[in-house]
Every structure is written in C-alpha cells, then in structure tokens.
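Participant: Sequences listed follow chains A and B, in order.
When you line the first sequence up against numbering that gives the first Met the number 0, it's residues 0 to 133, in that order.
When you line the second sequence up against numbering that gives the first Met the number 0, it's residues 0 to 280, in that order.
In this text, a Cβ means the ideal position worked out from N, Cα and C, and glycines have one as well.
My questions all concern the structure below.
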Amino acid sequence: MTRVNKTIAVLIGVGVMLAANSAFAHHSRSMFDQTKQITLTGAVKEFQWTNPHCWIQVLVPDPNNAQAAPVEWGVEMGAPVELMRKGWKPGSLKPGDEVTIVVNPLRDGQHGGLVLSVTGPDGKIIGRPAEGIK
Amino acid sequence: MIANLVGRMAMRPAASAIVIALLSGCLYPARAQTSSKKRVEAFAKLPDWTGIWELDAFVGQADGQQFSAEGQRKLKEYAAAMRPSFIPEYQAKYNEIRKKVEAAIAADPDHPPVTHEPLCAPPPFPATSTPGMYQWRVTPEETTFISTVGAVRHIYTDGRSHPPNDELWPTLMGDSIGHWEGDTLVVDTIATRKRFYMGELSGFFVPASDQLHFTERIRMVDHDRMQIDYTVEDPLALTKPIHTTITHTRVTDFNRMVEETDCEQNERDPVVDGRFRTVVH
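Structure below.
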C-alpha cells in the first residue's frame, strides 16, 4: 500500500477519531511522520520560547564528515505555558548547549521535526518525553 | 434653604447626619448594603468552581503535544460517543465534505490541508475540550467560561430568555442562558455558527441546520473533577440527538492563566493555499 493510500485508509477507518487528534492542536500534526524517529545530537543555536509553539534550532554535525558544516534543524514543541507545566523554563536551553533530541521528522524531507524527547547538557531529560519513546 | 438646614443641624446631630447624607448622595451606600447582602446570600447558594481546569485527555501530554496512552483512550471514547447519525440529505453533505478532505490529503500527504478553522482565533462553542487551561467564574447573574486559548463564554443565569429571532445571528459562541438545578448548571445554547459542531471534537466542518441546539449539564462531581453532559439536537439534520460526557480535571501543576493565542509571535506552520507549510529556519 502506498503512503497515500494508507493515509486515506486510516482516515476512513478511524474516522472522527483521527480528525479529533488533528483538531486538538493549532495545526495538524500529520506533516510529521509519526512512524519514524530520528535522533539529533548537536549544539543549540536558539531556543525560541514563543507562541504558538516553542522551537529549538539545533546545529547537527555530519557524523561521517567532521569537515562539513553542521546542518541546522528546527524542531517544534508545545506552547510556552504548557511546556512550563512540564518542567521547562525560558532559560532551560542556551546557545551552545549540547543536546540530544529525538523527533518525528517532517514528511517532506526538510530538516524539521516534532520533539519526542530532549536530553540536556547534563545528560538528563528535560520536561516530559512522549510515552514509549525508544 | 441649605443655610437654614445647616443652622438647624447644629442643634440636632442625628438629623444633621441624615441631611448631610442626603446632600452628598450618601444614601446610595445604604441601599447598596441591602443589595450586597442579598447578593452575598445568592453567592452562598452557588457551588465553588474556583481553580484551574483542563480536559482529562490532556493530562500527561508530552513536550511535543503527544497524548498519553490514557489520553488517547479518552479521546477515542469522546469521539465515538459524539458520532452523528444524519438524515440522508445531511449525510450526503457530510460525505461530500469528507470526500474533499480525503482527496486533499491524497493529493499531498506531506502538507495536510486545513480541515477546521479558525486556527489561531478563539475556538468555537463549546470550547470546553480544546488544549490549554480553563476557569469558571460563577456569579448569581452569569457564569463565565474562560480558556487560555482565547475562548470566553457568557452563560446568563439572571432568568432572561434567548433574544428574539430577529435579534439573533450565528456567532462563535452562540447565545447561552442557564439555570441552576441544585449544584448543576443547565445551559441552553442556540445560534452557534453552522459549520461548528462540537468542532474541536469532530474535527471537520460538519453540516448542521439553523435548528442546532445544545444542552449542557455542568457540575463538579468531586473536588478535582468537573463533568459536562452534552445533548446535541438538530431535528433537520440528525435522526437522533447526540449525547456525550466529558470530564475536566483540576490543574495542580500551575496556578495562573496565561493567554496562548498569540500565533503571530512565531507562526512557523503557516497555511499556504489551504495547506500547512512548516518553516524550519
């Protein structure tokens, strides 16, 4: 089954339920491939504590080519107030902090994703990771 | 005349106090005191819904807004309970809407189409199952529902009726009047905008007629839970009313309401030609 057909089948099969999930956020999450997980390790370029979503811009070196320029990824999280409830603060990350971030990548191949977990410079997870994350 | 009165007041202190009060308009506080007493009594009869609340399905949500397993289970339960049963004419309208959405997804699954609106404006009626936190302000005259994603609902409990038909038009929150049955607030809502139909639960633009009518029964079942029973009636579009119940739980990890609707601050999932386009830099 192609990806396109799979999407249709899910919508028809789960119907209102799937639509409910997409409607609960300010936008759909189906631009992220929730069947895939990518681990990004790099240095924080910027932590954007902003509405409607917080974002981490992270510079990820190419593990196979130390001479290559790092690739900038933009990864999305929830709104500031909701993150604060989960243990985040506006100063939780600073430029240069070494982090490991697990994301569901964007389907369209851009260097972006939806955060599943963030591990800070001290090796501890910040905030509340998604359940069942590998 | 005033000079004459003042002269007499010097001899009669009690009378002078009344005259001064009359001259300065200070009899108003006396009336207000009586009125306040009645109002305090009216407040005393109302339940205490103070605090901050959220839909139970959101408890345990992760940084990336993923639901907990329990939250997912509740969402499925809520969505299943509100599945509409349309008469054929409206089923056809619903099928048409759905077909368009499915075709749009199939055409470009990487960039999902917008299937509900508005995105960054206040959510539509009933606004009681959106993300964020909620507060209920209960007064004798009105109960107000406020959410951190911009919803404000005014539920009038002063005995009024809905406005006459020629003064009503479809609005985001419709027109709500309510009354108390013990500790339960019974809310009657009409004139909601047609395309919204428990919008945040149904997801799609679900067709409805101008006969769409909502009844909510809202009560605190214990210190940490509020329960809302909905009945959705639309005699022109539905074969039978929809009944569903949702639960709000008390928020204990945060103690202030912070508005979250400021999408323009950093909108990185803009809608372009009806589809979401994520901006990664």
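1. List the DSSP bridge partners of A:Ser116.
2. Check whether chain B comes within 8 Å of A:Ser21, counting only Cβ atoms and requiring the distance to be less than that.
3. Take B:Gly158 as the anchor and find which of B:Pro139, B:Leu167, B:Thr170 and B:Gly173 has the nearest alpha-carbon.
4. Kindly identify the DSSP beta-bridge partner or partners of B:Pro112.
5. Can you confirm whether B:Thr277, when its beta carbon is compared against all beta carbons of chain A, has any partner nearer than 8 Å?
6. Sorted by chain position, which residues of the same chain lie with C-beta nearer than 6 Å to B:Arg267's C-beta, five sequence neighbours on each side aside?
7. Give me the Cβ distance between A:Glu97 and A:Ala42, rounded to the nearest whole Å; I'm assuming they're in contact under 8 Å.
8. When you compare only the Cα positions, how much space is there between A:Ile125 and B:Ser67?
9. In three-state DSSP terms, what is B:Leu235?
10. Would you tell me roughly how many angstroms separate the C-alpha atoms of A:Gly118 and A:Ile100, rounded to the nearest one?
11. Would you please verify whether the beta carbon of A:Met0 is less than 8 Å from any beta carbon of chain B?
12. Nearest CA to the CA of B:Val250: which residue from B:Leu54, B:Leu45, B:Pro46 and B:Ala43?
13. Compare the beta carbon distance of B:Tyr133 and B:Phe144 with 8 Å and say whether it is the shorter of the two.
14. Considering only C-alpha positions, which residue in the set B:Asn254, B:Pro87 and B:Ala207 is nearest to B:Val319?
15. By how many angstroms is the C-alpha of B:Thr244 removed from the C-alpha of B:Arg192?
16. Where does A:Gln56 fall in DSSP's three states?
17. So the candidates are B:Asn164, B:Ile241, B:Ala126 and B:Glu166; which of them puts its Cα closest to the Cα of B:His153?
18. Is it right to say A:Gln66 is buried, meaning 16 or more other beta carbons lie within 10 angstroms of its own, or is it exposed?
19. Alpha carbon to alpha carbon, how far is B:Ala190 from B:Thr170? Give it in angstroms, no decimals.
20. Would B:Leu237 be called buried (16 or more neighbouring beta carbons within 10 Å of its own) or exposed?
21. What whole-angstrom Cβ distance do A:Asn103 and A:Leu92 have, given they're in contact under 8 Å?
22. Using three-state DSSP, classify A:Met76 as helix, strand or coil.
23. Exposed or buried, A:Ile147, counting other C-beta atoms within 10 Å across all chains shown (16 or more means buried)?
24. Use the C-beta contact count for B:Trp168: other C-beta atoms within 10 angstroms, 16 or more gives buried, fewer gives exposed.
25. With respect to the beta strand (DSSP E) encompassing B:Leu171, which residues constitute its N-terminal and C-terminal limits?
26. What span of residues does the alpha helix (DSSP H) with B:Ile51 cover, start to end?
27. From B:Arg276 to A:Leu58, what distance separates their C-alpha atoms?
28. Do we get a CB-CB distance below 8 Å when we pair A:Asp96 with the residues of chain B?
29. Quick one: give me the first and last residue of the beta strand (DSSP E) that B:Ile104 is part of.
30. Between which two residues does the alpha helix (DSSP H) carrying B:Glu76 extend?
31. Thinking C-alpha only, which one of B:His161, B:Glu166 and B:Gly181 is nearest B:Asp187?
32. Give the interface partners of B:Thr147 over in chain A, defined as CB-CB distance under 7 Å, in chain order.
Facilitator: Reading from the atomic positions:
1. A:Val101
2. Legend: pLDDT at A:Ser21 = 36, less than 50; position of this residue unreliable, no value from coordinates given.
3. Out of B:Pro139, B:Leu167, B:Thr170 and B:Gly173, the CA that lies nearest to the CA of B:Gly158 is found in B:Pro139.
4. B:Pro112 is bridged to B:Arg274.
5. yes
6. When the five nearest sequence neighbours on each side are left out, the beta carbons in the same chain lying within less than 6 Å of the beta carbon of B:Arg267 are those of Val278, in order along the chain.
7. 6 Å
8. 17 Å
9. Per DSSP, reduced to three states, the secondary structure at B:Leu235 is coil, with no helix or strand assignment.
10. Going by the sequence as given, residue 118 of chain A is Thr instead of Gly. The alpha-carbon atoms of A:Thr118 and A:Ile100 are separated by roughly 6 Å.
11. Residue placement at A:Met0 is poorly supported in this model, since its pLDDT is 30, which falls under 50; the coordinates are not used for a value here.
12. B:Leu54
13. yes
14. Nothing in the structure corresponds to residue 319 of chain B, since chain B is present only between 0 and 280.
15. 22 Å
16. strand
17. Residue B:Ala126 is the option with its Cα nearest to B:His153.
18. exposed
19. Taking the straight line from one Cα to the other gives about 6 Å.
20. With 16 or more Cβ atoms within 10 Å of its Cβ, B:Leu237 is classed as buried.
21. At roughly 20 Å, the Cβ-Cβ gap does not stay under 8 Å, so A:Asn103 and A:Leu92 are not in contact.
22. coil
23. It is not possible to answer for residue 147 of chain A, since the shown part of chain A is limited to 0 through 133.
24. exposed
25. Counting along the chain, B:Leu171 falls outside any beta strand (DSSP E), and DSSP gives it neither H nor E.
26. Counting along the chain, B:Ile51 falls outside any alpha helix (DSSP H), and DSSP gives it neither H nor E.
27. 22 Å
28. no
29. Premise fails: B:Ile104 lies in the alpha helix (DSSP H), Pro87 to Ala106, not in any beta strand (DSSP E).
30. Ala68 to Ala80
31. Nearest C-alpha to B:Asp187: B:His161.
32. Val80
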